[in-house]
Amino acid sequence: MATRRPHKKSRRGCGQCKKRHIKCDEEHPNCQNCLQSGLNCDFPPSSTEGASPVTGASRSRAQHHPHLPDFSEHVSPRYTIQPSPSDSSDTATFAITLSDLELTHHYSTVTCLTLGRTPEAGRVWQHYAPRLGLSHIFLLRGLLSFAALHLSHLRPSDRAYYRKQALVHHDQALQEFHTVLATIIETNIDAAFLFASLLVTYTFGSKDLDTPETSSEDALDDISNSLFLVRCTGAILVPFRESLYTGELRALLKERQGYEYLSDGITLPEFSALATACTNAGSGSDTVATAAYVSAIEQLQAVFAKVQATASSEGRPDIGLVMIWLVNVPEQYVTLLKMRKPEALIILAYFATILCHRNDSWWLRGWDGYLISAVESQLSEEWRCWLEWPKALCQQREL
């Protein structure tokens, strides 16, 4: 009979950790478990504090500002940000509202902590990215958009308001980013890389999977478009690879580098069978498409094997490992996915078997099952049998 390891009890842990029966690090104002899971961290009041009692109504007002949205929409900007003259992407000033200040504060104190895996990478997102955003407004809007998205998960009662904020900033940032892609130079390369890194993350976090209005077709379109833009950005960044790896972003790139060259000598029966089916479906008529399918499956198989091994030894895989397939997937595969080719859709459904390992992440929670359902709705009956394995595996992870 295995002996329980002795451990220090957490007497002052938050309520969420106690409910989930996990150890709380007691970090205020939000513990790491709640940050990663996108939950409201609720520490009990300290008995040593000399503050006067707080009523339920005043506590609600202190934690939340139900009238802030209306007020901020009518208040005049207090000041504006003038981008650096060297940044050709932004010629207009950026007006700051009270809502933007709220988003800036939340990003720099909470949201940024959910992005970096290592302390070094965390510092890039917490310090360097916001500072860079002052000269590259498309990046600043991207950070504010992601912070608004995070708040929409943390504050369900104001979800609609924060999602609107996220959408406004994201749409404006995306328009400006398209302009930047035409003129990538040394002075905006870091900002372009950071914004591209947020794109896929935003796509997953922006979908409200609990509402029937979330269309499976829209979700698949958003994933395809984000992947396409990330692939295009990656191609443009190639000439600047050396400067990226030696510059301020080296911590982020070092974090990813270990996942770029996963072993491709692994063979798993479920993936081999899918590769054979994709090859036979083409019957040699479209060798380019077949090659894209096989390459995507082989890469996915390698990531899956690494995720399984990591989950067995460490409990949960790093988020960078979970997402690396989307970054490295062949460009031709993305094109086939946009065309709703059944083979491409099924491969995407197999990706759900990797996503299910990180349902604790606030922007990925529930996406494994939703992705399989979205794919199933687009497939004819003859292809749906291929979803049995990913369905079973994801359901098993929920138990």
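Numbers given in this note's numbering equal positions in the sequence shown, counted from 1, plus 36.
Backbone N, C-alpha and C fix where the C-beta goes; we use that ideal spot for every residue, glycine too.
DSSP-derived helix/strand/coil call for residue i
{"i": "A317", "result": "helix"}
{"i": "L79", "result": "First, the amino acid is wrong: residue 79 is Phe here, not Leu. Reduced to three states, the DSSP call for F79 is coil."}
{"i": "A131", "result": "strand"}
{"i": "P366", "result": "coil"}
{"i": "G51", "result": "helix"}
{"i": "A232", "result": "helix"}
{"i": "I220", "result": "coil"}
{"i": "V146", "result": "coil"}
{"i": "T326", "result": "helix"}
{"i": "R195", "result": "helix"}
{"i": "G169", "result": "helix"}
{"i": "N66", "result": "coil"}
{"i": "L203", "result": "helix"}
{"i": "H214", "result": "helix"}
{"i": "R153", "result": "coil"}
{"i": "I360", "result": "helix"}
{"i": "L415", "result": "coil"}
{"i": "I302", "result": "coil"}
{"i": "I225", "result": "helix"}
{"i": "W161", "result": "helix"}
{"i": "C28", "result": "Absent from the model: residue 28. The displayed extent of the chain is 37 to 435, so no value can be given."}
{"i": "R56", "result": "helix"}
Boundaries (first-last residue) of the alpha helix (DSSP H) holding residue i
{"i": "C430", "result": "424 to 434"}
{"i": "L176", "result": "173 to 190"}
{"i": "S252", "result": "252 to 273"}
{"i": "L407", "result": "403 to 412"}
{"i": "L391", "result": "378 to 391"}
{"i": "L280", "result": "277 to 282"}
Nearest neighbour of residue i, chosen from the options [CA to CA]
{"i": "G405", "options": "R277, V370, L265, Q432", "result": "Q432"}
{"i": "A317", "options": "I382, E284, W361", "result": "I382"}
{"i": "Q414", "options": "T133, D254, I132", "result": "D254"}
{"i": "E424", "options": "I408, S416, E434", "result": "I408"}
{"i": "L265", "options": "G49, K427, A183, T237", "result": "T237"}
{"i": "P65", "options": "F387, D244, C50, H57", "result": "C50"}
{"i": "I355", "options": "V339, V365, I333", "result": "V339"}
{"i": "E334", "options": "D322, A345, I302", "result": "I302"}
{"i": "R420", "options": "A287, A380, L400", "result": "A380"}
{"i": "A328", "options": "D78, L245, L384, A183", "result": "L384"}
{"i": "G402", "options": "V216, K243, A184", "result": "K243"}
{"i": "T145", "options": "L134, N224, E63, K342", "result": "E63"}
{"i": "T282", "options": "L185, R177, D226", "result": "D226"}
{"i": "F276", "options": "Q68, R267, A313, T223", "result": "T223"}
{"i": "S331", "options": "A347, V370, K342, V343", "result": "V370"}
{"i": "H189", "options": "L429, D396, A428", "result": "D396"}
Assess, as a yes-or-no matter, whether the region 141 to 152 is touched by the region 201 to 209 under the definition of 3 or more beta carbon pairs within less than 8 Å. Between the region 201 to 209 and the region 141 to 152, the count of C-beta pairs closer than 8 Å stays below three; the two stretches do not touch.
Spell out a yes or no on whether the region 304 to 313 and the region 352 to 371 are touching, meaning 3 or more CB-CB pairs, one atom from each, closer than 8 Å. No, because fewer than three Cβ pairs between the region 304 to 313 and the region 352 to 371 fall closer than 8 Å, the two stretches do not touch.
Quick one: any contact between the region 169 to 182 and the region 221 to 238, if contact means 3 or more CB pairs under 8 Å? Segments in contact, yes.
Flag this pair as touching only if the region 363 to 377 and the region 254 to 263 have three or more C-beta atom pairs under 8 Å; answer yes or no. Result yes; three or more Cβ-Cβ pairs closer than 8 Å.
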